[in-house]
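Residue numbers (our numbering): 83 to 472.
No residue lacks a Cβ here, since even glycine has one placed at the ideal position from N, Cα and C.
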Amino acid sequence: MPSPHADPRVCWRMPGMARPNVFEVDLGAIAHNVGEIRRVVGADVRLLAAVKANGYGFGLLPVCRTLQDAGVDMVAVADPADALVLGGGGVSLPVLIYGGGLVDAEFVGMVEEHGFFATVTDPEVADAYARFAAKQVKVFVEIDVGGERFGITDAGAPALLRRIHESPKLRLAGVYTHMFVPRAADVAGAAIRVQLARFGAAVRAARNARVEIPVAVAASTPVVLRAGNAGFNGIDVGRVIYGNLRSDTEFERHGMRIREAFAGLRSRLIHCRSLRADRGESVPFSARPGARIGIAPIGYSDGIESLHCGAALVRGRRVPVAGGANLEHLRLDISDVPDAQAGDEVVFIGRQGDAEITVTDVLIARGFDQPTRLSVAVGDSVPRVYRGGS
Ligand SMILES: Cc1ncc(COP(=O)(O)O)c(C=O)c1O
């Protein structure tokens, strides 16, 4: 096979560094954000941290260890498999498993054995836990006050809470709700107020019927940003912990200064070439004849189609993405950076010299409404590189 160096259009390849992609995560920002939230809601409010979807994409164990050191009280997962890896990964925080899974004997046995907190969303689920529990399962009840996903209705909640209170197999640890908050600022406040009122009424009705509810949790990120703990003794937040907020409005709200954990998405050029003038009809993207193309080893299997703004930084210059991604590769038009060569850093999100591509740039270019769409899009194939954490 001829050496690639025999071809004058090819600069050189990087043996052993075929896929030098990194997702930079600032765990220091996560610890800082927990501190800000804690300062605003106070020491007595129980802080539940949502770490579903691999810690919102940032990496379950490093995120949970950071949260533990930063003083959260509990982590909450959707996938029971996530709950099972935490203990072995040095995380001793209590774990809540959100609702929505199928509750069979095996699942209840696992929850009981590991001392996880389970979620009850309706009387049938409560009965399943009571039927399969050997001794006792600790449960939270999810109350649906508007989101129409999981949870007992606020009208039905007091009776369900009473039923759990009376079951020797179930121990009521608390109640939570996950509200739907519309994005538009003019309607968000009213939507929160009406849902908080429903939640408060259900909690009061149960307590009036002498059901003890140790923790009541109504606030996830959009509520905390507007109303802190909203008058209840727990909060259950994800996005604000990671700084997955919209930069136009949300980073300085309710006395908090929140920082982004998404610190960068970087790769390197592995190959550069000039387009052959006679191949126009077979080139899979539009580019000037003679344009110089650089290849980054990051493709749609790595999530790149959701993660670039149509450009990247090379040698401090913005260069356009040329055409669509391949499974593991992306082309950049580096014609305006004639000295670019294989090995050069490529920044899709982050700073390079004086230039920067922000998370917001990518959100706008992709038409996404919130940054979690980016952090969860980074494929498992892209190594997470952590800084500033525990
Ligand atoms: C039940 C529940 N609580 C809390 C959260 C955290 O929400 P946010 O990321 O908006 O704070 C989620 C996230 O989807 C959730 O499903």
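Cutoff 9 Å: residue i Cβ touching any chain D Cβ
i	result
Ala208	The structure shown contains no chain D; it holds only a single protein chain.
beta-carbon residue i near ligand 1 non-hydrogen atom, thresh 8 Å
i	result
Ala266	no
Ser302	yes
Gly282	no
Tyr211	no
Val322	yes
Thr148	no
Val319	yes
Lys134	yes
Glu224	yes
His260	yes
Tyr382	no
Tyr468	no
Asn326	yes
Ala200	no
Thr454	yes
Ala165	no
Rounded separation between residue i and residue j - CA only
i	j	result
Leu357	Pro465	31 Å
Ala459	Asn103	14 Å
Ala474	Val122	Because residue 474 is not part of the residues shown, which for the chain are 83 to 472, the question remains open.
Asp236	Ile377	55 Å
Pro90	Cys354	Its pLDDT being 39, under 50, Pro90 is placed unreliably in this model, and the value from its coordinates should be taken loosely. Approximately 10 Å between the Cα atoms of the pair.
Ser383	Ala407	9 Å
Ala373	Glu387	22 Å
Ala111	Gly141	14 Å
Ala404	Val269	41 Å
Arg469	Val107	6 Å
Arg39	Gln434	Not covered by the structure: residue 39. The range shown for the chain is 83 to 472.
Val305	Asp418	46 Å
Ser249	Gln218	9 Å
Val299	Thr259	6 Å
Arg341	Gln452	15 Å
Arg253	Arg448	45 Å
Glu438	His114	23 Å
Val145	Leu109	7 Å
Cys391	Asn290	54 Å
Gly385	Ala393	15 Å
Ala88	Gly183	Low local confidence applies: a pLDDT of 44 at Ala88 is under 50, so the model's placement there is unreliable, and no value is given.
Gly432	Phe232	37 Å
Leu166	Gly381	31 Å
Gly98	Leu395	Below a pLDDT of 50, predicted positions are generally treated as unreliable, and Gly98, at 43, falls in that range; the measurement from the model is reported next regardless. Each residue's alpha carbon lies about 23 Å from the other.
Val92	Ile375	Low confidence applies here, because Val92 scores a pLDDT of 41, under 50, leaving its location unreliable and the question unanswered by this model.
Ala267	Pro176	35 Å
Pro379	Phe430	12 Å
Residue i - partner residues in DSSP beta bridges
i	result
Val467	Glu106
Cys354	Gly376
Lys220	Phe199 and Arg253
Ile439	Gly432
Glu334	Arg339
Glu427	Arg350
Gly316	Arg128 and Val299
Ile112	Answer is none; Ile112 lacks a bridge partner.
Phe344	Val107
Integer Cβ distance of residue i from residue j, believed to fall under 8 Å
i	j	result
Lys134	Ala160	4 Å
Asp421	Arg397	7 Å
Leu130	Gly282	With a Cβ gap of about 18 Å, Leu130 and Gly282 do not count as contacting.
Leu351	Val441	The Cβ separation is near 23 Å, so there is no contact.
Tyr324	Tyr138	5 Å
Phe105	Leu347	6 Å
Nonlocal neighbours in the same chain, by C-beta distance under 6 Å from residue i, ignoring five residues either side
i	result
Gly171	Leu143
Ala301	Asn311, Ala312 and Ile317
Cut-off 8 Å between Cβ atoms - residues of its own chain near residue i, not counting five sequence neighbours on either side
i	result
Leu242	Val202, Asp204, Pro205, Ala208, Val223 and Ile234
Ala255	Phe199, Lys220, Val221, Phe222, Pro296 and Val297
Gly228	Met261, Phe262, Ala273, Val276, Gln277 and Arg280
Arg399	Asp418, Val419 and Ala437
Arg339	Glu118 and Phe333
Ile179	Ala158, Val159, Ala160, Pro162, Ala165, Val193, Phe198, Phe199, Ala200 and Thr201
Ile416	Leu351, Cys354, Arg374, Ile375, Gly376, Val396, Val401 and Ala422
Beta-carbon proximity list for residue i, same chain, < 7 Å, skipping 5 on both sides
i	result
Ala284	Ile225, Asp236, Ala239 and Pro240
Pro483	Any property of residue 483 remains undetermined from this structure, which presents the chain solely from 83 to 472.
Arg95	Confidence is the limiting factor: at Arg95 the pLDDT is only 39, short of 50, which leaves the residue's position unreliable and the question unanswerable from this model.
Ala132	Ala158, Asp318, Val319 and Gly320
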